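Student: Chains as they are written, first to last, in this note's numbering: chain A, 5 to 772; chain B, 5 to 772.
Questions regarding the structure given below will be posed in turn.
Number of protein chains: 2
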Amino acid sequence: MKQYYTPDAWRIIEEGFDPEMSLASESIFSLGNGRMGQRANFEEGYSGATLLGNYVAGIYYPDKTRVGWWKNGYPEYFAKVLNAANWIGICPLLNDVPLDLAECKVSDFRRELNMKEGTLHRSFTAEMKDGTKIRVTAHRFLSMKEDESAAIRYAVKSLNYRGKIKFRTFIDGDIINQDSNYDEKFWEETEKTTEKDRAFLTMKTKKLDFHVCTGQHIAVTKNGEPTAFDATPAERTKYTENLITVTVAPEDEVTVYKFAANISSENHAKQDLMKRARAVTEQAAAKGFDAMLDEQREAWAERWKMNDVVIEGDVAAQQGIRFNIFQLNQTYTGEDARLNIGPKGFTGEKYGGSTYWDTEAYCLPFYMLTAGQETAKNLLLYRYKHLQKAIENAEKLGFKDGAALYPMVTMNGEECHNEWEITFEEIHRNGAIAYAIFNYIRHTGDSGYLKEGGLEVLVAISRFWSQRVHQSSAEGDWVMLGVTGPNEYENNVNNNWYTNYIAKWTLEYTLECIEAARGDSKFWSAFTAKTGFRDAAETDRWKAIARGIRQPRLEGTKVFLQQDGFTDKELLTAADLDPAERPINQHWSWDRILRSVFIKQADVLQGMYFFEDRFDAETIRENFDYYEPKTLHESSLSPCVHAVLAAKLGREDKALEMYLRTARLDLDDYNHEADEGLHITSMAGSWMALVEGFGGKRVYDGKLSFEPMIPSGWKSYRFNIVYRGVTVSVHVTREKVSVSNRSDRSIDLLIYGKPYTVAPADTVIAEV
Amino acid sequence: MKQYYTPDAWRIIEEGFDPEMSLASESIFSLGNGRMGQRANFEEGYSGATLLGNYVAGIYYPDKTRVGWWKNGYPEYFAKVLNAANWIGICPLLNDVPLDLAECKVSDFRRELNMKEGTLHRSFTAEMKDGTKIRVTAHRFLSMKEDESAAIRYAVKSLNYRGKIKFRTFIDGDIINQDSNYDEKFWEETEKTTEKDRAFLTMKTKKLDFHVCTGQHIAVTKNGEPTAFDATPAERTKYTENLITVTVAPEDEVTVYKFAANISSENHAKQDLMKRARAVTEQAAAKGFDAMLDEQREAWAERWKMNDVVIEGDVAAQQGIRFNIFQLNQTYTGEDARLNIGPKGFTGEKYGGSTYWDTEAYCLPFYMLTAGQETAKNLLLYRYKHLQKAIENAEKLGFKDGAALYPMVTMNGEECHNEWEITFEEIHRNGAIAYAIFNYIRHTGDSGYLKEGGLEVLVAISRFWSQRVHQSSAEGDWVMLGVTGPNEYENNVNNNWYTNYIAKWTLEYTLECIEAARGDSKFWSAFTAKTGFRDAAETDRWKAIARGIRQPRLEGTKVFLQQDGFTDKELLTAADLDPAERPINQHWSWDRILRSVFIKQADVLQGMYFFEDRFDAETIRENFDYYEPKTLHESSLSPCVHAVLAAKLGREDKALEMYLRTARLDLDDYNHEADEGLHITSMAGSWMALVEGFGGKRVYDGKLSFEPMIPSGWKSYRFNIVYRGVTVSVHVTREKVSVSNRSDRSIDLLIYGKPYTVAPADTVIAEV
């Protein structure tokens with residue numbers, strides 16, 4: 005863990021230029037607006053280590069799968085989010101030498117992400133090899149208001165240079181995807197136009213025929229005044245440029261404004277893309293940078309009004325959670341049911357930008373309880389729309405009769421991962437998708453969703469569990485062999501407790517929902533006709549499985565064994581490890597990891613977290629004490645769950661440690677991988693760690709409940725959530741908990757188990 | 005199972021041309037001489053499905069590894085045997101149209117592999133699209149006497165054609181390796197010479213700098229008489245050709261003789277390769293085709309004298325075993341300790357032509373007991389030379405202090421396989437390498453080999469086992485977690501019985517050898533100095549492990565459980581499977597295979613086979629009856645072991661079924677994969693099934709023993725083996741067993757447990 009960025013409540017600040025940190029900083033300072041995202045690459049380009057990243061939501065590529073050894077059932081392709089045309093390009097040339105921070109002396113470098121406003125600033129002084137010195141100040145944002153728009157203000161002040169400064173302002177579509185399996189390029193050009201002060205380039209993907217037009221509209225000032233400039237259009241394949249020339253003397257400052265747009269065929273007819281790009285950039289240029297920036301501030305202020313979490317007394321904790329919330333808002337706005345939340349969002353290529361169980365298990369609560377019911381429902385509908393493909397996926401693996409196995413990794417509902425121990429065996433993902441339906445309904449009260457698709461999904465998943473288990477020949481109980489649980493440091497184990505338990509829970513919940521739905525005879529007959537549901541023939545087996553599925557415990561304790569045979573392992577703890585060998589996934593061979601006791605991420609404890617109200621406190625405590633010391637948190641998704649449980653158990657230090665680990669995971673780069681992009685989905689876990697962990701937010705019998713605690717170093721914290729349409733603000737100080745109702749309906753809730761009714765605009769107060 | 009080839013005692017015969025069978029027949033009719041091998045590709049080329057294959061022993065390529073998902077410890081490259089320059093090319097052109105069996109009417113097609121002589125014949129009538137008809141008779145062999153030499157006689161008789169026949173006689177080095185991971189070509193040209201009737205092309209590999217010069221020397225006759233011919237040299241990159249033109253009338257027959265050579269930098273200085281190729285082809289041409297053929301017959305007769313297994317009364321059984329022995333002789337002659345036995349020999353690219361545990365577990369007995377001690381020792385030395393690399397390999401995986409893990413797949417001692425569940429976990433291979441030392445010594449009596457390297461290998465392997473196990477936290481016994489046994493339809497299991505048992509055995513045998521070696525104090529002090537052996541500190545732990553390693557049994561029986569948790573599976577048998585779903589590895593997803601009870605190849609039974617004398621007959625019977633019905637034999641290495649055990653248990657039908665399955669595996673293509681090449685290593689298992697199964701050959705207390713049985717449909721069978729320098733012939737009829745001593749020393753042996761002394765040239769007879 006290193007603390008490289010300056011702590012600050014609203015800003016991420018980098019002081020000084022460290023090429024070693026450049027890739028990580030490109031990730032940290034990423035911008036996005038839900039429709040597109042951009043790593044913090046330098047406008048002028050950089051010949052050092054860099055990962056160019058401009059991502060346009062919904063645009064992906066079915067790359068040829070790369071497999072060492074093929075297995076039946078593997079997908080033919082791996083979908084990956086695409087790096088699209090580089091639209092930020094503004095490269096100053098002095099004496100015809102392009103500025104390149106790897107090739108000049110850099111001083112007074114400062115980079116700042118202003119999270120309150122959603123803007124990125126960068127400034128530095130560069131001394132070129134010929135002694136020419138300039139001061140550069142760059143400022144950019146991706147508009148939250150006009151989500152196809154972005155603006156850059158790039159100012160170069162001559163410190164000792166006299167002569168012509170040229171600026172290559174360009175759009176470069178000749179993009180490499182670092183993650184391409186066979187070093188192929190995925191884009192080809194369809195058309196381009198280059199004029200004096202504007203340029204437009206439309207590219208299309210070689211497969212799937214996605215089109216994106218990227219446009220720029222350039223304006224230039226000198227010493228703050230509009231100025232005449234020479235501009236030469238230049239083109240080559242997949243590239244267009246307006247080369248601008250301005251003459252300067254020392255102390256003159258030339259500012260290039262670039263109003264850019266990324267227009268996607270996901271949202272417009274292909275033949276209109278360039279027209280639209282022209283219109284969008286023209287409007288932006290007409291509005292001007294400062295007016296757009298005002299809009300940006302307003303849009304973010306609006307977001308923060310609901311989203312912000314305020315922590316007083318701990319700037320690192322404050323910065324962490326704001327950074328997480330900021331990135332979550334940049335990644336997904338919930339407005340488009342076709343989209344989902346990639347593990348790295350728009351900040352890197354890893355994990356292909358696809359949808360994982362992260363969405364249901366970690367992200368749903370944040371979006372549901374801050375953006376609200378419609379956003380959450382869009383996330384459920386995303387999976388409902390993929391149900392048929394999940395059924396086909398299960399069929400490929402030998403299942404039948406409408407059983408569904410949702411893919412581990414997907415862009416369009418088809419599986420696109422190809423490690424047998426994950427693809428075929430990490431099937432607990434199915435359970436998280438069922439759990440999300442339950443979780444949605446209990447928070448929104450929208451039980452009507454069951455009839456809109458929820459029950460179909462539940463039945464299909466229950467059918468899968470029902471076929472995936474069988475009765476042990478030796479013991480007669482129901483067993484599930486050959487699975488990988490959430491702890492991916494075990495593969496192909498038998499009777500992973502978490503998977504068995506979520507299967508059992510799914511069956512029980514589906515049975516419950518069926519009972520409720522059966523009352524609506526019209527719905528029920530349509531449902532059975534559509535799904536071929538055979539009632540007792542299916543439900544009797546489900547009941548037997550739910551009753552009899554294997555759940556072994558550590559003898560004489562309430563500890564559930566993570567899987568059969570777990571106690572044959574050498575029972576070490578994380579403290580026994582040489583720190584130089586951590587993370588073990590970067591130091592140990594896979595077999596050594598697998599046979600070790602070490603846990604990558606919460607597994608039994610993930611189940612305790614989901615189903616907390618089904619276990620007594622003693623059971624939770626014993627399991628926590630058994631598994632926590634063995635857990636390495638080498639998955640980003642782990643600390644948040646431990647934080648929630650530690651807080652519940654009153655383990656303040658552990659809760660805070662885990663909270664900081666999730667909230668500052670990328671800022672402090674715990675797992676040495678920020679260079680690849682940020683851990684977006686686990687950022688929702690940070691919010692969960694705060695709201696459910698410290699805030700003690702729960703739902704009991706349909707009632708919202710809080711049992712807050714406050715870490716001893718904090719003065720107070722504050723968050724908002726929307727529950728069944730009512731927004732409440734929770735403010736926890738060292739002395740008291742205040743819950744305010746910001747809606748026009750009253751709400752019944754519990755604080756420390758005591759019932760309160762909070763009238764609109766009213767606040768109730770309880771002692772900590 | 006299909007019976008496509010005509011049964012015959014000494015020949016494999018294909019009648020009629022079936023393009024569907026073409027790839028499989030290319031494998032079946034392969035030729036080799038230990039130094040090189042050649043699939044039965046057509047001399048004239050073929051535009052239908054074909055896999056060109058010309059392999060030169062010892063030449064391989066470290067191809068870039070292809071991995072879906074990288075794991076620490078994976079090798080950087082995958083070594084693969086290389087398709088080398090195509091040297092067989094002789095393509096007749098009529099009216100300038102090249103002959104291509106995919107493009108003309110073919111009749112009277114016949115192909116014959118003469119196993120007695122080691123020659124391949126092919127004849128057919130072709131009618132070209134323009135009505136031209138010719139009769140082609142091709143005859144070729146790879147010289148067993150001059151192992152860099154090969155000869156082809158290619159005769160074309162005009163049936164109705166009058167005019168010029170051209171022959172492209174060529175060497176084509178522009179070779180594709182089907183198995184190339186990134187579609188790269190691996191060869192580049194270094195030099196070539198093209199003269200009137202001879203041509204030479206030297207190619208080198210892009211990595212490792214292997215050089216091979218391929219040469220041809222052409223002669224032509226017309227109607228049996230030497231004839232003048234026009235010959236035009238032609239060259240292009242990686243290609244050289246002598247284009248021969250002869251004028252014919254109907255009924256004229258033109259015969260092209262091609263004397264070819266493959267000269268490798270493994271055996272000659274690089275600068276001499278072309279000179280050598282010229283000399284070899286010139287000598288061959290001077291000698292002539294018929295004289296070379298006589299030598300070939302003699303060389304094979306010499307081999308068959310020792311190798312042949314004669315079965316009377318069952319032509320399919322006879323053909324099968326001769327085919328196996330023939331291919332084994334073609335693959336490996338034991339003369340070069342740098343070479344080993346690839347699973348496909350010289351008949352295909354699959355498995356990269358590398359060395360697997362097949363060599364020690366299946367191939368050693370055949371070569372040791374037919375070719376003799378020196379050949380067997382070369383196979384042991386091959387591993388001894390790789391010991392240091394095996395130690396380095398173990399270090400990569402976290403082992404230390406001289407522990408060795410031999411690679412799963414190797415060309416030069418380095419691991420080159422990359423599936424974690426195999427590479428890191430299929431560690432029983434280490435045990436087979438220890439077992440081979442034991443097996444060698446008990447058959448040859450050469451216990452001196454321990455001091456020549458054997459003990460070093462044993463200690464290094466014992467150290468590995470010692471570090472790979474630990475004491476169960478729950479039970480206190482020694483456990484080995486996360487392994488893959490010989491049954492690769494299980495992965496990452498705990499306490500695979502076979503692996504645990506061979507580890508136990510290795511430790512015990514090593515301890516025994518240490519005790520013996522300790523007596524030689526000079527050797528012992530050098531040994532401990534070299535290996536850092538710490539005596540009691542190491543041996544005490546080994547003894548504890550050997551005593552206490554987990555070996556669970558099925559309750560109330562003598563059945564060893566294949567691994568922990570085995571009886572939780574659904575206990576089906578192969579008979580429960582839909583035949584349309586077999587082989588399951590071509591129909592089921594991997595997870596389904598893994599959680600099923602079905603066994604790919606003998607696993608517990610492999611242990612019963614190796615260590616038969618450590619188990620009572622009842623234990624062997626119970627284990628056989630438990631595991632045999634669950635075994636699918638989808639590995640070629642399985643039926644031989646079952647055949648030996650079935651014979652021992654007096655299960656004649658099962659023994660015969662298993663014998664035929666191994667001996668005719670490729671001829672009858674049980675596993676639908678003969679197109680990829682032949683299962684060379686399992687062919688040694690066929691010999692084992694006959695000699696150890698039906699022949700009941702064993703070694704008890706240093707004495708050779710036979711307890712033969714004879715399948716009821718057979719009249720008799722006969723085989724020879726060399727034991728501690730004495731060659732014995734065993735002849736089993738329905739009534740009696742005769743054992744003849746063909747050496748000049750007498751031998752003590754057992755027949756049905758009764759002791760005999762057989763004097764030189766004498767025969768003893770026992771009743772069946």
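Cβ coordinates follow ideal geometry from the N, Cα and C atoms, glycine included.
Predicted, not measured: the structure shown is a model, and the values here were computed from it.
First and last residue of the alpha helix (DSSP H) that includes B/M692?
Tutor: First-last of the alpha helix (DSSP H) with B/M692: I684 to M692.
Student: Given a threshold of 16 other Cβ atoms within 10 Å of its Cβ, counted over all protein chains shown, does A/T761 qualify as buried or as exposed?
Tutor: Exposed.
Student: Can you tell me where the beta strand (DSSP E) with A/E121 in it begins and where it stops?
Tutor: A/E121 -> no beta strand (DSSP E), and no H or E assigned at all.
Student: Spatial neighbours of B/L454 within its chain, please: CB distance less than 8 Å, with the 5 preceding and 5 following residues excluded, ordered by chain position.
Tutor: So the list reads I441, I445, L462, C517, A520 and A521, once near-sequence residues are dropped.
Student: Can you check whether the CB of A/A408 is closer than 7 Å to the CB of A/I426?
Tutor: For A/I426 and A/A408, no; Cβs fall outside 7 Å.
Student: For B/M207, write down the residues that DSSP places opposite it in a beta bridge.
Tutor: B/M207 pairs with B/E193 and B/V216.
Student: Would DSSP call B/S750 helix, strand or coil?
Tutor: Residue state, collapsed to three classes: coil.
Student: Can you name the residues that DSSP bridges to B/N87?
Tutor: Beta-bridge pairing links B/N87 to B/Y59.
Student: Is the Cβ of A/G72 closer than 7 Å to any Cβ of chain B?
Tutor: So yes, A/G72 belongs to the interface.
Student: According to DSSP, which residues form a beta bridge with B/W482?
Tutor: Paired residues: B/Q475 and B/I553.
Student: Identify whether B/K226 lies in helix, strand or coil by the three-state DSSP scheme.
Tutor: Of the three classes helix, strand and coil, the one that applies to B/K226 here is strand, per DSSP.
Student: Starting from A/S742 and walking both ways along the beta strand (DSSP E), at which residues does that stretch end?
Tutor: Start and end: K740 to N745.
Student: Can you confirm whether A/W469, when its beta carbon is compared against all beta carbons of chain B, has any partner nearer than 7 Å?
Tutor: For A/W469, the answer is no, since every Cβ of chain B falls outside 7 Å of its Cβ.
Student: Suppose you measure from the CA of A/T129 to the CA of B/Y65; what does that come to, to the nearest Å?
Tutor: Taking the straight line joining both Cα atoms gives about 52 Å.
Student: Going along chain B in order, which residues have a C-beta closer than 7 Å to the C-beta of A/F428?
Tutor: Residues of chain B passing the Cβ test: S593, W594 and D595.
Student: Skipping 5 residues on each side, what residues in its chain have a beta carbon closer than 7 Å to that of A/F619?
Tutor: The answer, listed in chain order, is M612.
Student: Which residue comes first and which comes last in the alpha helix (DSSP H) that contains B/S51?
Tutor: Where B/S51 is concerned, there is no enclosing alpha helix (DSSP H), given that its DSSP letter is neither H nor E.
Student: If B/T123 sits next to B/Q322, beta carbons under 8 Å apart, how far is it from one beta carbon to the other, in whole angstroms?
Tutor: Actually they do not touch by this definition, with Cβ atoms about 19 Å apart.
Student: Taking 7 Å as the CB-CB limit, is B/E270 close to chain A?
Tutor: By this cut-off, B/E270 is not an interface position.
Student: Under DSSP, the alpha helix (DSSP H) around B/P643 begins and ends at which residues?
Tutor: Per DSSP, B/P643 belongs to the alpha helix (DSSP H) from P643 to K652.
Student: In whole angstroms, what is the alpha-carbon distance linking B/E632 and B/E739?
Tutor: Distance between the alpha carbons of B/E632 and B/E739 is about 30 Å.
Student: Please determine if the stretch 284 to 296 of chain B and the stretch 148 to 163 of chain B are in contact, where contact requires at least 3 C-beta pairs separated by less than 8 Å.
Tutor: As far as the Cβ criterion goes, the stretch 284 to 296 of chain B touches the stretch 148 to 163 of chain B, which means the pair count is three or higher.
Student: Got a sec? Which residues, its chain only, sit under 8 Å from B/A763 by beta carbon, not counting five neighbours each side?
Tutor: Contacts found: N745 and S750.
Student: My understanding is that B/K719 touches B/T737, with C-beta atoms under 8 Å, so please give their C-beta distance in whole angstroms.
Tutor: Contact holds; Cβ gap of about 7 Å.
Student: Under a CB-based cut-off of 7 Å, is A/A478 close to chain B?
Tutor: Cβ-Cβ to chain B under 7 Å: yes for A/A478.
Student: Excluding the five sequence neighbours on either side, which residues of its own chain have a C-beta within less than 8 Å of the C-beta of B/V772, listed in chain order?
Tutor: Around B/V772: P712, M713, I714, V736, T737, R738, E739, K740 and V741.
Student: On a Cα-Cα basis, can you pick out the residue from A/Q182, A/E47, A/I329 and A/E30 that is closest to A/A688?
Tutor: It is A/I329 whose Cα lies nearest to the Cα of A/A688.
Student: Does DSSP put B/D67 in a helix, in a strand, or in coil?
Tutor: Three-state result, B/D67: strand.
Student: To which residues does DSSP link B/D176 through a beta bridge?
Tutor: BP columns for B/D176 point to B/N90 and B/Y243.
Student: May I ask you to report which of helix, strand or coil DSSP gives B/H432?
Tutor: Three-state result, B/H432: helix.
Student: So, are the CB atoms of A/S466 and A/T514 less than 7 Å apart?
Tutor: Yes, these two residues count as a Cβ contact at 7 Å.
Student: From the DSSP output, in three-state form, read off B/D766 for me.
Tutor: Residue state, collapsed to three classes: coil.
Student: If contact means a Cβ-Cβ distance below 8 Å, which residues of the stretch 567 to 595 of chain A contact chain B?
Tutor: If the cut-off is 8 Å between Cβ atoms, the stretch 567 to 595 of chain A has D568, G569, T571, D572, K573, E574, L575, N589, Q590, H591, W592, S593, W594 and D595 near chain B.
Student: Considering just the uninterrupted stretch of the alpha helix (DSSP H) at B/E396, what are its terminal residues?
Tutor: Residues L391 to K400.
Student: Got a sec, what are the start and stop residues for the alpha helix (DSSP H) A/T285 sits in?
Tutor: Start and end: L277 to K291.
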